[in-house]
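Worksheet: the structure to be examined is printed underneath.
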Amino acid sequence: MDREIIARVARVARLELTEEELERYAKDLDDILDNFSVLDEAPMTDSYTFNPIPVVDVLREDEPGQDLDPQVLRGQMSTYEDYVRGPRLS
Amino acid sequence: MSASVTSSLMRLAQQRYRAFVETVDHLDDAKFHFSAKDNLCAVGFQARAGSAILEGYVPPFDATPIRRLKDAGGQLIGKTTMDEFGFGTFSVNSAHGVPLNPFDITRSCGGSSGGAGAAACLIPGHVALGVSTGGSISGPACFCGVVGLSPTYGRVSRYGLIDYGNSLDKVGLLARSASLVREHFRTIAGPDPKDPTSCAQPTLPDKGRRPDSLAIPTEALTNLDPAVRKGFQEAVGRLKDMGVQVKEISMPSLRFAMPAYYILATSEASTNLARYCGMRFGRREEELNQHFNDFFTGVRSVSFGDEAKRRILLGTYCRMVGFRSRYYLKSLAVRQMLIEKYRKIFQEHQAVLTPTMPFIAPRFEEISRMKPLEMYGADFLTIPPNLTGMPHISLPCAYVDGLPIGMQLVSDHWHEMDLLEMASVWEGAFEYHHPEVRL
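Those protein sequence lines, which keep their order, are chains A and B. Going letter by letter, the first sequence gives residues 10 to 99 in our numbering. Going letter by letter, the second sequence gives residues -12 to 426 in our numbering.
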């Protein structure tokens, strides 16, 4: 796997890697994916699910409810008046 | 390891043990005590999941398993250290300290619930909440010489758990005996509307049925340390003496389990960890006058550890356009195939038996020389039941030079009580050792 691909993956994942990390992770992922190529020998099927057990939909009565006070959750974040503050979008 | 390093480790171990003892000494005797892995949220405690990016995060609510243990009269005495977000086999990938094996402090407790393994081993009567994604309960239970139950996926609510892999994470228990695990498992199990995956489960039976026929896949007996092989074979002999039928079978598809697991786990982790961006939880980036890409990238790059970055990269790569079918969808198909293979075995046998880990607890200096792929390979016995969501239990089954070896029993979905029944019978025939620790 070349460094350009790892650099592209890192950008998608919002990670900035040093030159040393680019080199090292490229080698590591190469080794790992080479080992994982055994999967090419496994039979493919369309009958799979995204969980190992059946999952049911859970609905509740359509009544207002509040488990957690939003004010408490906002306490972990940077705020201005009643708004959450974040970085620039452009 | 030099004498000075060993002596410094000993001081650290004594300091930590003293903290345990002092905490337990001040508890209400009428109540039981428990600890929780650091990726479970609890009021009044930081929930850092072993990561610097969650430094300072104190959740305002209890995870459902913690709430249920408290309601049953339990006292939460602390959070236990772990590999960052569960990314590890030896609990060395943590921003908040490495747990030392109570049998030999120069060795690992296993991971990622290493702190839970140590707490369960050191404190009589203690029950530790652990979390398993690919073997994070069985591994520490094996290296720390305790009982570790990883329930069926969906048996215990994941509400309040800091996710690693949504389709793989399971909250379970570690303790010195099967009876302790049984008692508290009943408390934490059961449907919870806050986690829909827990709502399809059948009722937990009052009592299990002791498995009388076990299958050992021959593929699980390769690449074992000779001491583990010998100890495991002795345990198999003991099981046969107890009247249990044990038969070797072939399960060649096990070779697909490790890659399928790591692809699913890292794919899910790479999306789950997207929420840690310096705004909502833990470490907060204060310089807001920058583009959001730079803001998110900066805090993530300095806060995530080496293994977290590696797994985020691997998972992101496997989900990218052009690779999704080859890796992610293929892994889902492999999981389904393995579930069917297990089911076929369970038509003739009640459980699958293997060693838990392929070697005894390694020394930290040995771990530091391991390559990532070697570390991933160390989980090859614990991954299959985790990938398929099958319940499994690790029990001490032998000792080599005073260090424990574990065996792992896997049963069909929802049959945890059968495993606990087997564990109780086993404890009647095999005496567990616990390390002597001096203050």
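Glycine is no exception: its CB is placed at the ideal position from the N, C-alpha and C atoms. Computed from a prediction, not measured in an experiment: that's the story for all the values here.
Limits of the unbroken alpha helix (DSSP H) element including residue i
i	result
Met409 (chain B)	Glu403 to Ala416
Thr67 (chain B)	Thr67 (chain B) -> not in any alpha helix (DSSP H); beta strand (DSSP E) instead, spanning Gly61 to Thr67.
Gln220 (chain B)	Pro213 to Asp228
Pro52 (chain B)	Thr51 to Asp58
Glu32 (chain A)	Glu28 to Phe45
Ile149 (chain B)	Note, Ile149 (chain B): premise wrong, no alpha helix (DSSP H); not H, not E.
Val114 (chain B)	From DSSP, Val114 (chain B) is part of no alpha helix (DSSP H) but of the beta strand (DSSP E) over Val114 to Ser119.
Gln432 (chain B)	Any property of residue 432 (chain B) remains undetermined from this structure, which presents chain B solely from -12 to 426.
Beta strand (DSSP E) segment containing residue i, residue limits
i	result
Met394 (chain B)	Leu390 to Val397
Tyr386 (chain B)	His379 to Val387
Val134 (chain B)	Val134 to Ser137
Glu353 (chain B)	Note, Glu353 (chain B): premise wrong, no beta strand (DSSP E); alpha helix (DSSP H) at Phe351 to Ser355.
Ala202 (chain B)	Ser200 to Pro204
8 Å Cβ cut-off: residues of chain B touching residue i
i	result
Tyr34 (chain A)	Lys296, Arg297 and Leu300
Asp66 (chain A)	Pro183
Cβ separation of residue i and residue j, assumed to be a contact under 8 Å, to the nearest whole Å
i	j	result
Arg83 (chain A)	Phe283 (chain B)	Not quite, the Cβ-Cβ distance comes to about 19 Å (not below 8 Å), so this is no contact.
Pro378 (chain B)	Ser398 (chain B)	6 Å
Gly393 (chain B)	Ser381 (chain B)	5 Å
Leu300 (chain B)	Val18 (chain A)	5 Å
Gly285 (chain B)	Asn80 (chain B)	Gly285 (chain B) to Asn80 (chain B), Cβ: 22 Å. No contact.
Gly195 (chain B)	Asp405 (chain B)	4 Å
Gly269 (chain B)	Glu42 (chain B)	5 Å
Ile62 (chain A)	Ala247 (chain B)	Contact doesn't hold; Cβ gap of about 17 Å is too wide.
Phe7 (chain B)	Leu160 (chain B)	Actually they are not in contact, since the Cβ atoms of Phe7 (chain B) and Leu160 (chain B) sit about 18 Å apart, beyond 8 Å.
Gly73 (chain B)	Met245 (chain B)	With a Cβ gap of about 16 Å, Gly73 (chain B) and Met245 (chain B) do not count as contacting.
Leu167 (chain B)	Leu27 (chain B)	Between Leu27 (chain B) and Leu167 (chain B) the Cβ distance is about 18 Å, and since that is not below 8 Å, they are no contact.
Gly132 (chain B)	Phe90 (chain B)	6 Å
Asp39 (chain A)	Met10 (chain A)	5 Å
Residue of the options minimising C-alpha distance to residue i
i	options	result
Pro342 (chain B)	B:Arg356, B:Pro372 and B:Leu116	B:Pro372
Tyr329 (chain B)	B:Ser288, B:Ser240 and B:Glu255	B:Ser240
Ser99 (chain A)	B:Thr369, B:Phe367, B:Asp281 and B:Ile370	B:Asp281
Asp78 (chain A)	B:Asn276, B:Pro47 and B:Glu423	B:Pro47
Lys335 (chain B)	B:Pro422, B:Tyr419 and B:Leu201	In the sequence as displayed, the identity of residue 335 (chain B) is Glu instead of Lys. Of the listed residues, the one whose Cα sits closest to Glu335 (chain B) is B:Leu201.
Asp49 (chain A)	B:Ser318, B:Gly98, B:Met357 and B:Ser(-11)	B:Ser318
Pro213 (chain B)	B:Gly147, B:Gly121, B:Met344 and B:Gly126	B:Met344
Lys358 (chain B)	A:Glu25, A:Ala16, A:Lys36 and A:Glu13	A:Lys36
Arg197 (chain B)	B:Pro183, B:Leu211, B:Thr190 and B:Met229	B:Met229
Ser355 (chain B)	B:Ser22, B:Gln33, B:Arg94 and B:Asp12	B:Arg94
Tyr376 (chain B)	B:Asp25, B:Asn26 and B:Gly121	The sequence shown places Gly at residue 376 (chain B), not Tyr. Looking at the Cα atoms, B:Gly121 is the closest of the given residues.
Leu42 (chain A)	B:Glu403, B:Phe351, B:Arg298 and B:Thr369	B:Arg298
Ile64 (chain B)	B:Val30, B:Phe279, B:Gly37 and B:Arg262	B:Val30
Asp16 (chain B)	B:Gln62, B:Ala106, B:Leu360 and B:Glu353	B:Gln62
Met362 (chain B)	B:Val289, B:Leu396 and B:Glu294	B:Glu294
Ser46 (chain A)	B:Phe19, B:Arg242, B:Arg145 and B:Gly60	B:Arg242
Thr369 (chain B)	B:Lys18, B:Val143 and B:Val339	B:Val339
Ile53 (chain B)	B:Ser(-9), B:Val11, B:Val143 and B:Ser290	B:Val143
Tyr140 (chain B)	B:Cys131, B:Thr76, B:Ala36 and B:Pro189	B:Pro189
Pro192 (chain B)	B:Phe367, B:Ala416, B:Lys331 and B:His402	B:His402
Listed by chain order, chain A residues near residue i by CB distance under 9 Å
i	result
His278 (chain B)	Pro96, Arg97, Leu98 and Ser99
Cys131 (chain B)	By Cβ distance, chain A contributes nothing, its closest Cβ being about 27 Å from Cys131 (chain B), past 9 Å.
Leu275 (chain B)	Ser87, Arg94, Gly95, Pro96 and Arg97
Ala320 (chain B)	Ala51, Pro52, Met53, Thr54, Asp55, Ser56 and Tyr57
7 Å Cβ cut-off: residues of chain B touching residue i
i	result
Tyr92 (chain A)	What Tyr92 (chain A) touches in chain B: nothing, since even the nearest Cβ is about 12 Å away.
Ala16 (chain A)	The premise fails here: Ala16 (chain A) is roughly 10 Å from chain B at the closest Cβ pair, so nothing lies under 7 Å.
Leu38 (chain A)	Leu300, Leu301 and Tyr304
Leu77 (chain A)	Pro47 and Phe48
Where residue i meets chain A, residues with beta-carbon distance less than 7 Å
i	result
Met266 (chain B)	Met86 and Gly95
Gly141 (chain B)	Ile62
Ser464 (chain B)	Because chain B spans -12 through 426 in this model, residue 464 (chain B) falls outside it and cannot be assessed.
Gly376 (chain B)	Pro61 and Ile62
Leu360 (chain B)	Asp40, Ile41 and Asn44
Tyr44 (chain B)	Gln85
Phe283 (chain B)	Arg23
His288 (chain B)	It is worth fixing the name first, because residue 288 (chain B) is Ser in this sequence and not His. Chain A residues near Ser288 (chain B): Leu24 and Glu25.
Arg271 (chain B)	Ser87
His400 (chain B)	Ile62
Cys28 (chain B)	The contacting residues do not exist; Cys28 (chain B) stays about 11 Å from chain A at best.
Partner residues on chain A for residue i, Cβ-Cβ distance less than 8 Å
i	result
Met324 (chain B)	Ala51, Pro52 and Thr54
Ser154 (chain B)	Phe59, Asn60 and Pro61
Per-residue contacts from residue i into chain B (C-beta, under 9 Å)
i	result
Leu48 (chain A)	Phe243, Pro246, Ala247, Ile250, Arg313, Tyr314, Lys317, Ser318 and Val321
Asp69 (chain A)	The residue asked about is misnamed: residue 69 (chain A) is Arg in this sequence, not Asp. Ordered by position in chain B, the residues that pass the 9 Å Cβ test against Arg69 (chain A) are Pro180.
Answer yes if the segment 383 to 396 of chain B comes into contact with the segment 213 to 225 of chain B, meaning at least three C-beta pairs across the two stretches below 8 Å, and no otherwise.
Taking 8 Å as the limit for Cβ pairs, the verdict is that the segment 383 to 396 of chain B does touch the segment 213 to 225 of chain B.
Contact between the segment 165 to 173 of chain B and the segment 110 to 127 of chain B: three or more CB pairs below 8 Å?
Between the segment 165 to 173 of chain B and the segment 110 to 127 of chain B, the count of C-beta pairs closer than 8 Å reaches three or more; the two stretches touch.
Under 8 Å: do the segment 246 to 261 of chain B and the segment 151 to 158 of chain B share three or more Cβ pairs, one atom per stretch?
Three or more pairs of CB atoms, one per stretch, sit closer than 8 Å, so the segment 246 to 261 of chain B contacts the segment 151 to 158 of chain B.
Is it the case that the segment 45 to 59 of chain A contacts the segment 309 to 323 of chain B, given that we only count it when at least three CB pairs across the two stretches are under 8 Å?
With contact defined as three or more Cβ pairs closer than 8 Å, the segment 309 to 323 of chain B and the segment 45 to 59 of chain A are in contact.
Per the contact definition of three or more C-beta pairs closer than 8 Å, is the segment 93 to 108 of chain B in contact with the segment 61 to 72 of chain B?
Because the criterion of three Cβ pairs below 8 Å is met, the segment 61 to 72 of chain B and the segment 93 to 108 of chain B touch.
Should the segment 174 to 193 of chain B be called in touch with the segment 202 to 214 of chain B, which here means at least 3 C-beta pairs below 8 Å?
The segment 174 to 193 of chain B, when compared against the segment 202 to 214 of chain B, does not touch it at the 8 Å Cβ threshold.
If contact is defined by three or more beta carbon pairs under 8 Å, each pair taking one atom from either stretch, is the segment 126 to 145 of chain B in contact with the segment 344 to 363 of chain B?
Contact annotation: the segment 344 to 363 of chain B touches the segment 126 to 145 of chain B, with at least three C-beta pairs closer than 8 Å.
Would you call the segment 301 to 311 of chain B in contact with the segment 256 to 268 of chain B, where contact means no fewer than 3 C-beta pairs closer than 8 Å?
These segments touch.
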